[in-house]
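*Asks:* This is the structure, below, for whatever I ask next.
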Amino acid sequence: MGAAMRRIHMGNALSAFGLGFTVPYLYVYVAQVRGLGAVTAGSVLAVFAVAALVVLPFAGRAIVRRGPLPVLLAALVAAALGALCLGVSAHAATVLGSAAVLGAGQAVMQPALATMIVECSSAETRSRAFAVQFFLQNLGLGIGGLIGGHLVDAGSAASFTLLFAIEAAVFMALVVVMATVRMPYAPRVQDAPSQAGRAAGRASRRRLLADRAMVRLCVLGFVLFFACYGQFESGLSAYGVEAAGISPSALGTALAANTGMIVVAQFLVLRFVERRRRSRVIAGVGLVWAVAWLAAGYAGLGHAGQTMATAAFVSTYALFGLGEVMLSPTLAPLVADLAPEGMAGQYNSAFALVKQLALAVGPAVGGPMAAAWHAPYVATFLGFSLGISVLAVRLGRELTDAQDRPWAARNRVVARGGAPAEPLSRQA
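Per this note's numbering, the very first residue in the sequence shown carries number 1187; after that it's consecutive.
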């Protein structure tokens, strides 16, 4: 990795650390420490999702026009300001406003950092770069949650103020680090009159929506995030407690199994998926997650003993982790390779918007279903997982060889005596 990529990966790790440092404790902080009640605490979590949905469409245009680095720096400053204000807020209005600023900043970081990875990597190194990103994000989330949990005291508002102040300091330190990144040249939409700028924005949106492969990938991405990530901390955990009788400690073990699978398997799986069709890898993820839902069904509906039910439930989370490590070097590089020249930021932001929609809808649908209708819940998401495989195979028919099998396309060019193929985003 070059110096720029090392700093980008540091940015991924530290931004994830900041997220894991405070988000798991937001409900306790708002509802109990500040005494604002469960409704306000739930509204804070909803504000995070709404803020992301509002700012991401504008973030894509800003990344295309100004580049990812200035957008990332602005997002980091916003997140730091939101975290600092949240730590001293004692009223519902200021808590919700601070959460909106923090959520908007954190949402914009994702596509900005992803676009920086695209611009600082080549077709040969992109899958590995995104695998490292995913690894460091999970590591940052885990370490942040662990340290934050030891710092907070539910009986002391000052401990939470310190927590949010440290998070703000992390984001500001990251501003200093990322300001030193020297990005390679990439085409930009330069300053233009507002009317021409709006016309260019509409044209880029029409171009994205006319890209059948990207539209199919967005549909597939929605189902992926809805059926997996949208269930982790809502539907699946509620199902485990209500249907399988899982204890809180066992639920913690399941989450640890998911993280452990990611840490252990990421680079082992990377060697396997780098030489496989991307569409087939995603189809394989659907099958792995289908097995995970079968394990969950056995845990809650199989009338097994508590030990077997717990083991099956922990296996569910581990299998989800296996699917995640298959996706990390596949999905984000595919978005990058679908993007025409100069539109990587817009494509990354559009895909991030789809992800946020799925993460907002997933808990709203899965939570109540998991608590009341155990068998239909498992059957529904088993069907979604199999649907992932079907959608991935259909997506493969829309992809070129350079998009679906970039390693094969490069090998053919080299065999003919030419130079390795450039990324598709630079060919379009």
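Every residue, glycine too, gets a C-beta built ideally from N, C-alpha and C. All figures in this text were calculated on a predicted structure; none of them were measured in a lab.
Following the continuous alpha helix (DSSP H) through residue 1468, name the residue where it begins and the one where it ends.
*Replies:* Numbered from 1 along the sequence shown, position 282 holds the residue referred to as residue 1468. Where residue 1468 is concerned, the enclosing alpha helix (DSSP H) stretches over 1464-1487.
*Asks:* Taking contact to mean at least 3 C-beta pairs separated by less than 8 Å, is the segment 1508-1523 in contact with the segment 1311-1325?
*Replies:* Result yes; three or more Cβ-Cβ pairs closer than 8 Å.
*Asks:* Look at the alpha carbon of residue 1421 and the alpha carbon of residue 1219, and state the distance between them as a whole number of angstroms.
*Replies:* Numbered from 1 along the sequence shown, position 235 holds the residue referred to as residue 1421. Numbered from 1 along the sequence shown, position 33 holds the residue referred to as residue 1219. The straight-line gap from Cα to Cα measures roughly 26 Å.
*Asks:* From residue 1353 to residue 1444, what distance separates their C-alpha atoms?
*Replies:* If you number the sequence shown from 1, residue 1353 lands on position 167. If you number the sequence shown from 1, residue 1444 lands on position 258. Whole-angstrom Cα-Cα distance: 25 Å.
*Asks:* How would you call residue 1305, buried or exposed, if buried means at least 16 neighbouring beta carbons within 10 angstroms?
*Replies:* Residue mapping note: residue 1305 aligns to position 119 of the sequence shown, counting from 1. Residue 1305 should be labelled buried.
*Asks:* From 1495, 1476, 1478, 1465, pick the residue whose C-alpha is nearest to that of residue 1429; which is it?
*Replies:* For the purposes of this step, residue 1429 is taken as residue 243 along the sequence shown, with counting starting at 1. Cα-wise, what sits closest to residue 1429 is 1495.
*Asks:* Under three-state DSSP, which class holds residue 1516?
*Replies:* The residue labelled residue 1516 in the question sits at position 330 within the sequence shown. Coil, per DSSP.
*Asks:* Please report the straight-line C-alpha distance between residue 1484 and residue 1506, rounded to a whole angstrom.
*Replies:* Translated into the one-based positions of the sequence shown, residue 1484 becomes position 298. Translated into the one-based positions of the sequence shown, residue 1506 becomes position 320. Cα to Cα, residue 1484 sits roughly 16 Å from residue 1506.
*Asks:* By alpha-carbon positions, which one of 1311, 1544, 1289 ends up nearest to residue 1208?
*Replies:* One-based indexing of the sequence shown puts residue 1208 at position 22. Closest by alpha carbon: 1289.
*Asks:* Which value, in whole angstroms, describes the spacing of the CA atoms of residue 1527 and residue 1392?
*Replies:* As a first step, residue 1527 is located in the sequence shown; it is residue number 341 there, counting from the start. As a first step, residue 1392 is located in the sequence shown; it is residue number 206 there, counting from the start. Approximately 15 Å between the Cα atoms of the pair.
*Asks:* For residue 1578, which residues of its own chain have a beta-carbon under 7 Å away from its beta-carbon, when the five flanking residues on both sides are left out?
*Replies:* Translated into the one-based positions of the sequence shown, residue 1578 becomes position 392. So the list reads 1406, 1465, 1468, 1469, 1472, once near-sequence residues are dropped.
*Asks:* CA-CA distance, residue 1270 and residue 1441?
*Replies:* Counting from 1 along the sequence shown, the entry for residue 1270 is found at position 84. Counting from 1 along the sequence shown, the entry for residue 1441 is found at position 255. The straight-line gap from Cα to Cα measures roughly 29 Å.
*Asks:* Of the choices 1436, 1240, 1192, 1514, whose alpha-carbon is the least far from that of residue 1366?
*Replies:* Position 180 of the sequence shown, counted from the first residue, corresponds to residue 1366. Cα-wise, what sits closest to residue 1366 is 1192.
*Asks:* What first and last residue would you give for the alpha helix (DSSP H) that runs through residue 1195?
*Replies:* Taking the first residue of the sequence shown as position 1, residue 1195 is located at position 9. Residue 1195 -> alpha helix (DSSP H) spans 1189-1208.
*Asks:* Any chance the segment 1227-1240 sits against the segment 1248-1265, with 3 or more Cβ pairs inside 8 Å?
*Replies:* Too few Cβ pairs lie closer than 8 Å, so no.
*Asks:* Looking at the unbroken alpha helix (DSSP H) that takes in residue 1271, where does it start and where does it end?
*Replies:* Walking along the sequence shown from the start, residue 1271 turns up at place 85. Segment 1254-1274, the alpha helix (DSSP H) holding residue 1271.
*Asks:* Tell me the DSSP secondary structure of residue 1608 in three-state form.
*Replies:* Here residue 1608 corresponds to residue number 422 of the sequence shown, with the count starting at 1. Residue confidence is low: residue 1608 scores 42 on pLDDT, short of 50, so the model does not pin down where it sits. Its coordinate-derived value is still stated next. The answer is coil: DSSP assigns residue 1608 none of H, G, I, E or B.
*Asks:* What does the Cβ neighbour count give for residue 1560, buried or exposed, with the cut at 16 atoms within 10 Å?
*Replies:* Translated into positions along the sequence shown, residue 1560 becomes position 374. Buried, by the Cβ-count rule.
*Asks:* Using 10 angstroms around the beta-carbon of residue 1402, count the other beta-carbons present and answer buried if the total reaches 16, otherwise exposed.
*Replies:* Against the sequence shown, residue 1402 aligns to sequence position 216. Buried is the call here.
*Asks:* Hey, how far is the Cα of residue 1574 from the Cα of residue 1410?
*Replies:* Numbered from 1 along the sequence shown, position 388 holds the residue referred to as residue 1574. Numbered from 1 along the sequence shown, position 224 holds the residue referred to as residue 1410. Using only the alpha carbons, I get a separation of about 7 Å.
*Asks:* Going by CA-CA distance only, name the one from 1427, 1295, 1455 that's closest to residue 1254.
*Replies:* Position 68 of the sequence shown, counted from the start, is the residue given in the question as residue 1254. Among 1427, 1295, 1455, the Cα nearest to that of residue 1254 is on 1295.
*Asks:* Verify whether the separation of the beta carbon atoms of residue 1364 and residue 1197 is less than 8 Å.
*Replies:* Translated into positions along the sequence shown, residue 1364 becomes position 178. Translated into positions along the sequence shown, residue 1197 becomes position 11. Cβ atoms of residue 1364 and residue 1197: closer than 8 Å.
*Asks:* Considering residue 1296, what are the terminal residues of the alpha helix (DSSP H) in which it resides?
*Replies:* Your numbering for residue 1296 matches position 110 in the sequence shown. Run containing residue 1296: 1278-1305, per the alpha helix (DSSP H) assignment.
*Asks:* Assuming residue 1476 contacts residue 1572 under a Cβ cut-off of 8 Å, what Cβ separation, rounded to an integer in Å, is found between them?
*Replies:* On the sequence shown, residue 1476 is found 290 positions in, with the first residue counted as 1. On the sequence shown, residue 1572 is found 386 positions in, with the first residue counted as 1. At roughly 5 Å, the Cβ-Cβ gap stays under 8 Å, so residue 1476 and residue 1572 are in contact.
*Asks:* Check the C-beta distance from residue 1205 over to residue 1292 and give it rounded, since I have them as a contact under 8 Å.
*Replies:* Here residue 1205 refers to the residue found at position 19 when the sequence shown is read from its first residue. Here residue 1292 refers to the residue found at position 106 when the sequence shown is read from its first residue. Right, the Cβ-Cβ distance comes to about 6 Å (below 8 Å), so this counts as a contact.
*Asks:* Just the C-alpha distance for residue 1459 and residue 1311, rounded to the nearest angstrom, thanks.
*Replies:* Looking up residue 1459 in the sequence shown gives position 273. Looking up residue 1311 in the sequence shown gives position 125. Roughly 13 Å separates the two Cα atoms.
*Asks:* Our contact map puts residue 1322 next to residue 1190 with C-beta atoms below 8 Å; I'd like the distance itself, whole angstroms only.
*Replies:* Within the sequence shown, numbered from 1, the residue matching residue 1322 stands at position 136. Within the sequence shown, numbered from 1, the residue matching residue 1190 stands at position 4. In fact, because the Cβ distance is near 15 Å, the residues do not count as touching under 8 Å.
*Asks:* For the alpha helix (DSSP H) holding residue 1328, just list the boundary residues, first then last.
*Replies:* Looking up residue 1328 in the sequence shown gives position 142. Residues 1312-1337.
*Asks:* Between 1358, 1551, 1569, which has its C-alpha nearest residue 1266's C-alpha?
*Replies:* Residue numbering aside, residue 1266 sits at position 80 when the sequence shown is read from its first letter. The candidate whose alpha carbon is nearest that of residue 1266 is 1358.
*Asks:* Between 1427, 1274, 1308, which lies nearest to residue 1523 when the distance is taken from Cα to Cα?
*Replies:* Here the question's residue 1523 lines up with position 337 in the sequence shown. Ranking 1427, 1274, 1308 by Cα distance to residue 1523 puts 1308 first.
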